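> Letter by letter, the sequence shown follows residues 1 to 393 of our numbering. Ideal placement from N, C-alpha and C gives every residue a C-beta, glycine not left out. These numbers were taken from a predicted model, which means no experiment stands behind them. Next up is a structure, given as structure tokens.
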Amino acid sequence: MLEFIHLVGLGMALNSRTIMVNILCSPDGAACGAIRDNPENPDYAASGSIRATAYGWSFPSSSLGTSNYKILKRSTSKASSMTILNNPNNLNHLIEDCLYYEYTKAADPVGSGAIPQIPLVEFSSELHEMGSTRIIPLDISDTLACKGPATSPALCANFVRILAWEALSTNFNATSLLFYVMRGSGYTEFEGINIPWKTGDFVVLPMGEETRHFAVADSVFYLVHDEPLLRYLGVKADIQRFKPTLYTSEDSLRELERVRKEAEAVNRNRISVLLANKVMDQTLTVTHTLWAMLGVLPKGAAQLPHRHQSVALDLILDCDPGCYTLVGAKISEKGEIINATRVDWKPYSAFITPPGYWHAHYNQSSSDAHLIPIQDAGLQTYLRSLDIKFVEK
Numbered sequence: 001m002l003e004f005i006h007l008v009g010l011g012m013a014l015n016s017r018t019i020m021v022n023i024l025c026s027p028d029g030a031a032c033g034a035i036r037d038n039p040e041n042p043d044y045a046a047s048g049s050i051r052a053t054a055y056g057w058s059f060p061s062s063s064l065g066t067s068n069y070k071i072l073k074r075s076t077s078k079a080s081s082m083t084i085l086n087n088p089n090n091l092n093h094l095i096e097d098c099l100y101y102e103y104t105k106a107a108d109p110v111g112s113g114a115i116p117q118i119p120l121v122e123f124s125s126e127l128h129e130m131g132s133t134r135i136i137p138l139d140i141s142d143t144l145a146c147k148g149p150a151t152s153p154a155l156c157a158n159f160v161r162i163l164a165w166e167a168l169s170t171n172f173n174a175t176s177l178l179f180y181v182m183r184g185s186g187y188t189e190f191e192g193i194n195i196p197w198k199t200g201d202f203v204v205l206p207m208g209e210e211t212r213h214f215a216v217a218d219s220v221f222y223l224v225h226d227e228p229l230l231r232y233l234g235v236k237a238d239i240q241r242f243k244p245t246l247y248t249s250e251d252s253l254r255e256l257e258r259v260r261k262e263a264e265a266v267n268r269n270r271i272s273v274l275l276a277n278k279v280m281d282q283t284l285t286v287t288h289t290l291w292a293m294l295g296v297l298p299k300g301a302a303q304l305p306h307r308h309q310s311v312a313l314d315l316i317l318d319c320d321p322g323c324y325t326l327v328g329a330k331i332s333e334k335g336e337i338i339n340a341t342r343v344d345w346k347p348y349s350a351f352i353t354p355p356g357y358w359h360a361h362y363n364q365s366s367s368d369a370h371l372i373p374i375q376d377a378g379l380q381t382y383l384r385s386l387d388i389k390f391v392e393k
């Protein structure tokens, strides 16, 4: 008994309409092809010929009859373009990875534990206070069950330490890189231009080749990039979405003071400026993936809780004892965080705020405090999935 393998391709009728073509061929590829008759389809009544161009089969209209299939001679004009599966066992590599889950077993992989939750983790300033010139990744990839280094599924935060008159090179497969200069001064060489920086400056870079950072005084950065996201997607960054950008300390502090005066006029305790780029006119963010804020928490301030689906990689700048953040998964009807975890602020330390968790900042000291949260909210905003919510008074 002659067996046939069934393939589906696209054919072209005389009236130039594309139609679906069913093709049969013998296992050795030598015998034939077939087309399914469908008298109700006017395309099949065309004169001339129908060609399944993707597979190299030619079907004269005279062969169209009333039977379900017509066995035809194979056209040799495009024979080389067709791959013949000459044994049903050859389909195994196409189906061996297929799985099927009952809906409730796979609808919430995080809740079921199939993929780990993002934890609340603190990173001490002791990591960057001493030692040689180096990059210190804030890596929790083992906890996240992903390739590393990574501080969240999409971002990697790093402390970077460069001793005076030394240089350090970076070359990440990333679309966006942002660093804040916690202390020191120097310049960064990026694609033939030198970008000067000093304490309090932000430098934002698009994808590029090797980047060299030169320090003229002992320097420390907080540097965040989106290489983990690209690593997960299996892609290579090759398009620059924006040009290198420098947000100077003078400009950012001036803007922060401006919004502080506006906030005092309306008794608003959430005082911050968002860094943005003119190119990102939809997301209003510093890059298409990254979101960055410079904020001040005035002495005596108690911010109401809020949450968002982006992961926050928070850097604390200057603060006195008595500054802290409360973090928890749920809030009460009164707008208070239930079973909150307290994170005490420490100067030039960082911590992760997990996505979807309610958090609120408090300053019970006698001095103002400053912080820089960096998030993947540029991407989340574009995806319309940020879902930021605030507790109202």
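Quick check on H93: does DSSP put it in helix, strand or coil?
Here DSSP, grouped into helix, strand and coil, assigns H93 to helix.
> Tell me the DSSP secondary structure of D318 in three-state form.
coil
> From E122, L163, P196, R231, pick the residue whose C-alpha is nearest to that of K147; which is it?
R231
> My assumption, with CB atoms under 8 Å, is that F221 sits in contact with V160. Please give the rounded CB distance.
4 Å
> Could you spell out the range, first to last residue, of the beta strand (DSSP E) harbouring H361?
358-363
> S310 lies in the alpha helix (DSSP H); which residues open and close that run?
Premise fails: S310 is in no alpha helix (DSSP H) and is neither H nor E.
> Hey, out of I135, L274, H288, whose CA is closest to M207's CA?
H288
> For the structure I just gave you, are there three or more beta carbon pairs, one from the segment 288-299 and one from the segment 362-373, closer than 8 Å?
yes
> Please state if the CB of F123 and the CB of I349 are separated by a distance shorter than 9 Å.
The question names Ile, but residue 349 in the sequence shown is Ser. Yes, the pair counts as a contact, with Cβ atoms nearer than the cut-off.
> I'd like the span of the beta strand (DSSP E) that includes Y180, first residue to last.
176-190
> Which residues does DSSP pair with K330 in a beta bridge?
I338
> Out of H308, I337, H306, K346, which has the shortest C-alpha to C-alpha gap to G323?
It should be noted that the sequence gives Cys, not Gly, for residue 323. Between C323 and the set H308, I337, H306, K346, the nearest pair of CA atoms involves K346.
> Would the beta-carbon of V203 fall within 9 Å of that of A164?
no
> Can you tell me which of the three DSSP states R270 falls into?
coil
> Which residue wins for smallest C-alpha separation from D318, given the options N363, A107, N158, L223?
N363
> Counting C-beta neighbours from all protein chains within 10 Å, is the total for C98 16 or more, i.e. buried, or is it exposed?
By the neighbour-count rule (16 or more Cβ atoms within 10 Å), C98 is not buried but exposed.
> DSSP three-state label for P109, please.
helix
> Hey, would you say P196 sits closer than 9 Å to G184, going by beta carbons?
no
> Name the DSSP beta bridge partners of F351, please?
E122, D314
> Considering only DSSP beta bridges, list what V343 is partnered with.
For V343, which the question treats as bridged, DSSP gives the partners T325.
> With a threshold of 6 Å on Cβ separation, who are the neighbours of D218 within its own chain once the five nearest residues in sequence on each side are excluded?
When the five nearest sequence neighbours on each side are left out, the beta carbons in the same chain lying within less than 6 Å of the beta carbon of D218 are those of L163, A164, G184, in order along the chain.
> When the Cα atoms are used, what is the spatial distance from I337 to G378?
26 Å
> Do H431 and A174 have their C-beta atoms within less than 9 Å of each other?
Limits of the chain in this structure are 1 at one end and 393 at the other, which puts residue 431 out of reach.
> To which residues does DSSP link F221 through a beta bridge?
Answer is V160, V181, bridged to F221.
> What does the alpha-carbon distance come out to for the pair N339 and S112?
21 Å
> Anyone know if the C-beta pair for A154 and S141 falls short of 9 Å?
no
> Which residues in the same chain have their Cβ closer than 6 Å to the Cβ of R268, if we skip the five residues on either side of it in sequence?
Annotation for R268: no residue places its beta carbon closer than 6 Å to its own, counting only its chain and skipping 5 residues before and after.
> Classify E40: buried if its beta carbon has 16 or more other beta carbons within 10 angstroms, exposed otherwise.
Its pLDDT being 48, under 50, E40 is placed unreliably by the model, and the measurement read from it follows with that caveat. Classification of E40: exposed, given that the 10 Å Cβ count is below 16.
> For Q380, count the other beta carbons within 10 Å of its own beta carbon; 16 or more makes it buried, fewer makes it exposed. Which is it?
buried
> CB F190 to CB E227, shorter than 9 Å?
no
> Express the C-alpha separation of A276 and Q117 in angstroms, rounding to a whole number.
29 Å
> Between L290 and the rest of its own chain, which residues show a CB-CB distance below 6 Å, the 5 nearest in sequence each way excluded?
Here L290 has S176, L178, G378 as same chain residues with Cβ atoms under 6 Å from its own Cβ, once five neighbours each way along the sequence are excluded.
> Got a sec, what are the start and stop residues for the alpha helix (DSSP H) Y382 sits in?
377-382
> When the distance is taken between beta carbons, is D201 closer than 9 Å to S249?
yes
> Report the partner residues of V203 according to the DSSP bridge assignment.
DSSP lists F179, L246 as partners of V203.
> With a CB to CB cut of under 7 Å and the five nearest residues on each side skipped, what residues in its chain are close to V110?
Correct list, in chain order: Q117.
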